[in-house]
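Trainee: Please read through the structure below; I'll follow up with questions.
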Amino acid sequence: MTDIGPLILTAKLAAVTTIALFLVGVPLAWWLSQTRSAAKPIIEAVTALPLVLPPTVIGFYLLIAFNPNAPLGGFWVSVTGDTLAFSFAGLVIASMIYSLPFMVQPLQSAFEAVGRAPLEAAASLRASPMDAFFTIAAPLAGRGCLTAGILTFAHTIGEFGVVLMVGGAIPGETKLISIAIYEHVETLNYAEAHALSAILLAFSFVVLLSVYALNRKFPIHVG
Amino acid sequence: MSADTLDIRVRVAFPEFELDVDERINLSGVTAVIGPSGSGKSTLLRAIAGFAAPAEGRIACGAETWFDLEASKRPRINTPAHKRPVGYLFQDGRLFPHMNVASNLAYAVKRAPPGGPTPESVIDALDLAPLLLRRPSSLSGGERQRAALGRTLLTHPSLLLLDEPLSALDDDRKRAILPYLETVQTRFELPTLYVSHNIDEVARLADRALVLNDGAVVAHGPLQDVLERLDLSATYGVFEPGAVLNGVVARQDTDSGLAQIDVGAPDLLKAPLSFALQTGDKIRIRIRARDVAIALERPQRISIQNCLPARILEIESAAESAMIDILVEIGDQHARARITADSAKELGLIVDQDVFVLVKTVSFEGRV
Chain D
423 MTDIGPLILT AKLAAVTTIA LFLVGVPLAW WLSQTRSAAK PIIEAVTALP
473 LVLPPTVIGF YLLIAFNPNA PLGGFWVSVT GDTLAFSFAG LVIASMIYSL
523 PFMVQPLQSA FEAVGRAPLE AAASLRASPM DAFFTIAAPL AGRGCLTAGI
573 LTFAHTIGEF GVVLMVGGAI PGETKLISIA IYEHVETLNY AEAHALSAIL
623 LAFSFVVLLS VYALNRKFPI HVG
Chain U
359 MSADTLDIRV RVAFPEFELD VDERINLSGV TAVIGPSGSG KSTLLRAIAG
409 FAAPAEGRIA CGAETWFDLE ASKRPRINTP AHKRPVGYLF QDGRLFPHMN
459 VASNLAYAVK RAPPGGPTPE SVIDALDLAP LLLRRPSSLS GGERQRAALG
509 RTLLTHPSLL LLDEPLSALD DDRKRAILPY LETVQTRFEL PTLYVSHNID
559 EVARLADRAL VLNDGAVVAH GPLQDVLERL DLSATYGVFE PGAVLNGVVA
609 RQDTDSGLAQ IDVGAPDLLK APLSFALQTG DKIRIRIRAR DVAIALERPQ
659 RISIQNCLPA RILEIESAAE SAMIDILVEI GDQHARARIT ADSAKELGLI
709 VDQDVFVLVK TVSFEGRV
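What follows is the structure, given as structure tokens:
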């Protein structure tokens, strides 16, 4: 019988990461889409870094930051009494950084596609910027929001290098599906590796299929 | 409405020129803001609405200051666009694509301060009832602008800004929507700034005109005075020079299809009938200078039906042009004629001379 613990943990991590990244990614993407600040290209480059850096580099810097003697690690220990390294909370932070571009970039292009025109129209109808964001920009960028959420979720499920470095393989705490498959292969337990790999393959296909099907069925009306 | 004024002093720098305006605009009726494209008209309107902040200046409506940015004065004021009581009608309407017309109207109603026009009155004035359940993408250009105008009215604005609202429409659609703009003026009586590069479009609506060229105001005053100023010809490069006559419909002759219009001259003007006209209606007729000819005596046996006695007020000749413009007085109103310098010389036209003005009847078509 296949151990589905890693599967459930992976789904939980992906869900928490996606929700947390929405909270961070939406304001960031909105700012990037609206600003004329000179800092914009710098922030865009930083946001895209996880796309090009080897996961080991991200994992290495995160381990250093998670050290209880470092500001972030120390702050976490003083608040929760626990260390970030090799914990679920640490995995969430690592996943958020690792998947950041998959959240921010679709959102930013969706907001940019909405453009200034509908927002000026909203302002002329006495809608405050916050009001206009929720009633006009967000619905018009709806498909972009959905794409960003699904991609973030799927990308988090597929991560391996970063979580291996900062999480290890503690069952029920940090042992994700990709780690479990790696261990099964290492111990020549091919049956288990086959089962988990097939589940991941099928899941990933269904996710991507739903993204493309949604794009086709609900083409967004902008402009 | 109140006798408020809009004080605008703005400077906005562009690569090609600088918009530099310092004017007091009388906020009653319609003020046309006209000028060739790229003269700064829309920029001026956007500054008033709060979409674009000028480099420096002051914008005040009545006692309320919306924008104030000066080196010496503090604090700096820049009321955000959504807090300025202006209604803005965009060139392309900008209805929200994810809502039907009714929801677009409701969006405005929900955020409008109390005391504005009721949705029923606006829907009625603009004939929006058949459009309410339709999506903007299924509307024609004219229907879209009507719905957008309704939405703007429902924000209960104290100042209406129309940014070339008809420029995206073809001529037939323009003619179809103009009566609605007139209805809005008579029913809701909102002070309005109407930006246009088409003088014919604004002539029937506007009371005053402000003419912009290369970012500077070249004329500002009552529409008739502005339109008959001969020295503005250069600015009118893209316009047809002409003048506007106010008149009253004296008679309608359905047999000949002509309306007879009293413009305060001994003779009545004949113009093609318009479905909307009734005897006694006050109307404005714009007559292009090139449709006006001048005779020293009343001609006999001629196809032109309109012949009015007039007096020459001004003669202007341009240096490199074979044409000259002549400003004449008809009754107590003015008209312009554009004729060749050669024929003016032959007739020996001089200022204060009594002449007859000939106007081709067909030249009224579509403008009554």
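For the record, the sequence lines run as chains D and U.
Just so we're aligned, residue 423 is where the first sequence starts under this note's numbering, counting upward by one.
Just so we're aligned, residue 359 is where the second sequence starts under this note's numbering, counting upward by one.
C-beta atoms are modelled at their ideal positions from N, C-alpha and C, and glycine is treated no differently.
1. Quick one: what's got a C-beta closer than 7 Å to G724/U's C-beta in the same chain, skipping five residues either side?
2. Around the Cβ of A437/D, are there at least 16 other Cβ atoms within 10 angstroms (buried) or fewer (exposed)?
3. Find the residues of chain U that neighbour L562/D, judging by a C-beta separation of less than 9 Å, and give them in chain order.
4. Any idea which residues DSSP pairs C567/D with across the strands?
5. What do you get for V713/U, buried or exposed, if any count of 16 or more other CB atoms within 10 angstroms of its CB means buried?
6. Kindly identify the DSSP beta-bridge partner or partners of H578/U.
7. Taking R509/U as the query, report the chain D residues whose CB atoms sit under 8 Å from its CB, ordered along the chain.
8. Taking CB distances under 7 Å as the criterion, tell me whether A601/U reaches chain D.
9. How many angstroms separate the CA atom of G590/D from the CA atom of L485/D?
10. Report the start-end ranges of each alpha helix (DSSP H) in the stretch 539-585 of chain D that is 4 residues or longer and not cut off at the edges.
11. Can a CB atom of chain D be found closer than 7 Å to the CB of F546/U?
12. With distances taken between CB atoms, is the gap from L512/U to A470/U smaller than 7 Å?
13. What whole-angstrom Cβ distance do V715/U and A699/U have, given they're in contact under 8 Å?
14. To the nearest angstrom, report how far apart A506/U and S525/U are at their CA atoms.
15. What residue range is occupied by the uninterrupted beta strand (DSSP E) comprising F375/U?
16. Give me the subset of the stretch 526-544 of chain D whose CB atoms are less than 8 Å from a CB atom of chain U, sorted by chain position.
17. In this structure, does DSSP put G724/U in helix, strand or coil?
18. If the cut is a Cβ gap below 9 Å, which residues of chain D does Y465/U touch?
19. Quick one, which of G398/U, R659/U, A702/U and L654/U has its alpha-carbon nearest D335/U's?
20. What are the start and end residues of the beta strand (DSSP E) that includes E773/U?
21. Along chain D, in chain order, which residues have C-beta atoms closer than 8 Å to that of R469/U?
22. Given a threshold of 16 other Cβ atoms within 10 Å of its Cβ, counted over all protein chains shown, does I464/D qualify as buried or as exposed?
23. Would you list the residues sitting across from R609/U in a DSSP beta bridge?
24. Going by Cα to Cα distance, which pick from D485/U, P494/U and Q663/U is closest to D450/U?
25. Should the stretch 476-494 of chain D be called in touch with the stretch 538-550 of chain D, which here means at least 3 C-beta pairs below 8 Å?
26. Taking 6 Å as the line, does the beta carbon of L364/U fall inside it for any heavy atom of the ligand GTP?
27. Considering Cα atoms alone, identify which of A410/U, L539/U, D528/U and L517/U is closest to P549/U.
28. DSSP puts K628/U in a beta bridge; with which residues?
29. Quick one: which chain D residues come within Cβ less than 9 Å of T513/U?
30. Which chain D residues sit within Cβ distance under 7 Å of Y446/U?
31. How would you call M359/U, buried or exposed, if buried means at least 16 neighbouring beta carbons within 10 angstroms?
32. Mind checking whether K628/U and I662/U have CB atoms under 7 Å apart?
33. Take every Cβ of the stretch 600-609 of chain U, pair it with every Cβ of the stretch 410-424 of chain U, and state whether three or more of those distances are shorter than 8 Å.
34. From this set, D362/U, I366/U, A410/U and T389/U, which residue's C-alpha is nearest F372/U's C-alpha?
35. How many Å lie between T544/U and K640/U at the Cα?
36. Determine the burial state of V596/U: buried for a count of at least 16 other Cβ atoms within 10 Å of its Cβ, exposed for fewer.
Mentor: In terms of the structure at hand:
1. Reading the second sequence from its first residue, position 366 is the one you call residue 724/U. Low confidence applies here, because G724/U scores a pLDDT of 41, under 50, leaving its location unreliable; read the following figure in that light. Correct list, in chain order: R533.
2. Residue numbering aside, residue 437/D sits at position 15 when the first sequence is read from its first letter. When all chains shown are included, A437/D counts as exposed.
3. Walking along the first sequence from the start, residue 562/D turns up at place 140. In chain order: F454, P455 and H456.
4. Taking the first sequence and counting its residues from 1, the one referred to as residue 567/D is at position 145. C567/D pairs with nothing; no bridge assigned.
5. By 1-based counting over the second sequence, the position of residue 713/U is 355. Counting Cβ neighbours within 10 Å, V713/U comes out buried, since at least 16 surround it.
6. Within the second sequence, the letter at position 220 stands for residue 578/U. L568/U.
7. Position 151 of the second sequence, counting from 1, holds the residue named residue 509/U. Those within 8 Å of R509/U in chain D are L547.
8. On the second sequence, position 243 is the one that residue 601/U refers to. Cβ-Cβ to chain D under 7 Å: no for A601/U.
9. Locating residue 590/D in the first sequence gives position 168, counting from the first residue. Locating residue 485/D in the first sequence gives position 63, counting from the first residue. Going by the C-alpha atoms only, they are around 11 Å apart.
10. 539-546, 551-554 and 564-579
11. The residue you call residue 546/U lines up with position 188 of the second sequence. Not one chain D Cβ lies under 7 Å of F546/U.
12. Against the second sequence, residue 512/U aligns to sequence position 154. Against the second sequence, residue 470/U aligns to sequence position 112. Closer than 7 Å, so yes.
13. Counted from its first residue, the second sequence places residue 715/U at position 357. Counted from its first residue, the second sequence places residue 699/U at position 341. That pair is no contact at about 18 Å.
14. In the second sequence, residue 506/U corresponds to position 148, counting from 1. In the second sequence, residue 525/U corresponds to position 167, counting from 1. Each residue's alpha carbon lies about 14 Å from the other.
15. The residue you call residue 375/U lines up with position 17 of the second sequence. First-last for F375/U: undefined, no H or E at that position.
16. A539, P540, E542, A543 and A544
17. Numbered from its first residue, the second sequence carries residue 724/U at position 366. Caution applies to G724/U, whose pLDDT of 41 falls short of 50 and renders its modelled position unreliable; the value that the coordinates give is listed next. Of the three classes helix, strand and coil, the one that applies to G724/U here is coil, per DSSP.
18. Your numbering for residue 465/U matches position 107 in the second sequence. Within 9 Å Cβ-Cβ: A544, L547, A549, T557 and I558.
19. Chain U is shown only over 359 to 726; residue 335/U falls outside these bounds and no answer can be derived.
20. Residue coverage of chain U in this structure runs from 359 to 726, which leaves residue 773/U outside it and unanswerable.
21. Start at 1 with the first residue of the second sequence, and residue 469/U comes out as number 111. Within 8 Å Cβ-Cβ: L547, R548, A549 and D553.
22. In the first sequence, counting from the first residue as 1, residue 464/D sits at position 42. Counting Cβ neighbours within 10 Å, I464/D comes out exposed, since fewer than 16 surround it.
23. On the second sequence, residue 609/U is found 251 positions in, with the first residue counted as 1. BP columns for R609/U point to Q618/U.
24. Reading the second sequence from its first residue, position 92 is the one you call residue 450/U. Taking only the C-alpha atoms, the option nearest D450/U is P494/U.
25. no
26. Among the ligands in the structure shown, none appear at all, so the ligand GTP cannot be discussed.
27. As a first step, residue 549/U must be located in the second sequence, where it is residue number 191. For the residues A410/U, L539/U, D528/U and L517/U, the minimum Cα distance to P549/U belongs to L517/U.
28. The residue you call residue 628/U lines up with position 270 of the second sequence. K628/U pairs with Q618/U.
29. Numbered from its first residue, the second sequence carries residue 513/U at position 155. Near T513/U (Cβ distances below 9 Å), the residues of chain D are S546, L547 and R548.
30. Counting from one through the second sequence, the residue named residue 446/U turns up at place 88. Here the neighbours are S546.
31. Here the question's residue 359/U lines up with position 1 in the second sequence. Legend: pLDDT at M359/U = 41, less than 50; position of this residue unreliable, value from coordinates given subsequently. Flag for M359/U reads exposed.
32. For the purposes of this step, residue 628/U is identified with residue 270 of the second sequence, where counting begins at 1. For the purposes of this step, residue 662/U is identified with residue 304 of the second sequence, where counting begins at 1. Not closer than 7 Å, so no.
33. no
34. Counting from one through the second sequence, the residue named residue 372/U turns up at place 14. Answer by Cα proximity: A410/U.
35. Position 186 of the second sequence, counted from the start, is the residue given in the question as residue 544/U. Position 282 of the second sequence, counted from the start, is the residue given in the question as residue 640/U. About 13 Å.
36. The residue labelled residue 596/U in the question sits at position 238 within the second sequence. For V596/U, the pLDDT reaches just 45, beneath the cut-off of 50, and the residue's location in the model is therefore unreliable, although a value from the coordinates is still provided. Exposed.
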